[in-house]
Amino acid sequence: MAVSSAAEATVLTPDGVLDTTTYLSLRDSIINAALDEPCAVIVDIAHLVVPAQSALAVFTSARWHVRRWPEVPVILVSEDDACLEMLAHNDVTRYVPVHPTVDAALDALSTPVRPRRRRARTELPPEPLSLRRSRDLVGLWLTAWSHQDLVPVAKVVVTVLVENVLAHTDGPANLRVETDGAAVTVAVADASHSLPGLREEPAADPRPTGLQVVAALTRMWGTAPTPTGKTVWAVVGSENRL
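The sequence shown begins at 51 in our numbering and counts up one residue at a time.
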C-alpha cells in the first residue's frame, strides 16, 4: 500500500485484492493512519480489486472505529461508475463520502478547523515501575497544559490502561495524552490484538473491573485495532473531575 500526504491529509492507495485475507489489514491501516490525526484519511481505491462486494464494509468498519476518537474523516476516491454503484448498493456511501479525485476530496473538507491539540507520548517498559511513571507523566503534562483539575481522574484511567497491558502482554505500553483545550484523551497502545470489553455476566467477585471503572469515570472510551495490536483510549472532561 502506498502512503503519501496531500495538504494535511494522509492518502492511502491500496493495490491488490480486497477479500477475507486482506480485509483486516486494510481496515487496521486506515485506523492507524487516522490515529496520527491528519485532517482526513483519503483512500484511493482505483487499483483495488473487490471480488465480493461484502468486503467493501471494510470502509464503514474503519470509519466506525474512529468516529468518536480521533474523529478524523475517512474519504474514498474513485471515478469508476461500476465501483461507485457497488459502494452505493452496499450502503458504504451513507457513512463514507466518495469523490472522483484526491483534490476533489480535499476541496470537500468543509468541516471547521479542529482546535490545535497538545500531545505528549512515551513508551513505558513492561515492568511494575511503569505504573508510577505513567501517573507521574500524566500529572506533569496536564499541569503544564493547565488541566490540574483533571489530573486525579486521568491518573486513575492511565493506571487501569497500563495495568492491563502489564497483565495481559509481555511488551511495552505506548502512552499518549492529548488535549484540545476542553477535554483530555488518555490512550495506551500495545502489541496485543485481543480487544478488551466490559464484563457482562455476573462473577464471583462483585468488585468492578478496571474497564468498568474507566467507563464510569469518563465521557467515553473505546478501542482501535491497529496493524501491530490495538489502542485503548478514554476521554475525560470537566464533568469527570474527582
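Note that beta-carbon positions come from the ideal geometry of N, C-alpha and C, so glycine has one too.
Going by the CB atoms, is the gap between residue j and residue i shorter than 7 angstroms?
i    : j    : result
L137 : V148 : yes
V116 : V122 : yes
A112 : V124 : yes
V100 : L76  : no
P222 : L174 : yes
V236 : A284 : yes
V264 : T273 : no
V152 : A56  : yes
V212 : S180 : yes
R144 : R226 : no
Give me the DSSP bridge partner(s) of residue i.
i    : result
P147 : Per DSSP, none; premise fails for P147.
W283 : A237 and G272
G66  : L98
T60  : S55 and V91
L126 : V93 and V148
How would you write the range of the beta strand (DSSP E) that residue i sits in, first residue to last?
i    : result
W271 : M270 to T276
A223 : A223 to T229
L200 : Counting along the chain, L200 falls outside any beta strand (DSSP E), and DSSP gives it neither H nor E.
T219 : Premise fails: T219 is in no beta strand (DSSP E) and is neither H nor E.
A107 : No beta strand (DSSP E) contains A107, which is instead part of the alpha helix (DSSP H) from A107 to V116.
R77  : Run containing R77: none in the beta strand (DSSP E); it sits in the alpha helix (DSSP H), Y73 to L85.
E173 : R168 to L174
Got a sec? Which residues, its chain only, sit under 8 angstroms from residue i by beta carbon, not counting five neighbours each side?
i   : result
L62 : M51, A52, V53, S79, I80, A83, V91, I92, V93 and D94
D86 : T60
Spatial neighbours of residue i within its chain, please: C-beta separation below 7 angstroms, excluding the five flanking residues on both sides.
i    : result
V294 : Since the first residue shown for the chain is 51 and the last is 292, residue 294 is missing from the structure and cannot be characterised.
G279 : A239, D240, A241, S242 and H243
E58  : P88 and C89
Ignore the nearest five residues each way along the sequence and tell me which others in residue i's own chain have a CB closer than 6 angstroms to its CB.
i    : result
R167 : E228 and D230
V142 : L106, F109 and T110
R295 : This structure cannot settle anything about residue 295, because the visible part of the chain is limited to 51 through 292.
G189 : V201
Look at the alpha carbon of residue i and the alpha carbon of residue j, and state the distance between them as a whole number of angstroms.
i    : j    : result
Q262 : Y73  : 31 angstroms
E129 : P150 : 4 angstroms
H197 : A96  : 45 angstroms
R182 : H218 : 18 angstroms
S104 : T259 : 36 angstroms
R118 : W271 : 9 angstroms
P275 : P120 : 13 angstroms
P246 : L216 : 14 angstroms
S184 : S288 : 21 angstroms
A155 : A102 : 26 angstroms
Can you name the start and end residues of the alpha helix (DSSP H) that residue i belongs to?
i    : result
L261 : G260 to L267
V53  : Element bounds for V53: not the alpha helix (DSSP H) but the beta strand (DSSP E), A52 to A56.
L134 : D131 to H139
Could one say the Cβ of residue i lies closer than 7 angstroms to chain B's Cβ atoms, at least one of them?
i   : result
Y73 : Here chain B cannot be found, since the structure has a single protein chain.
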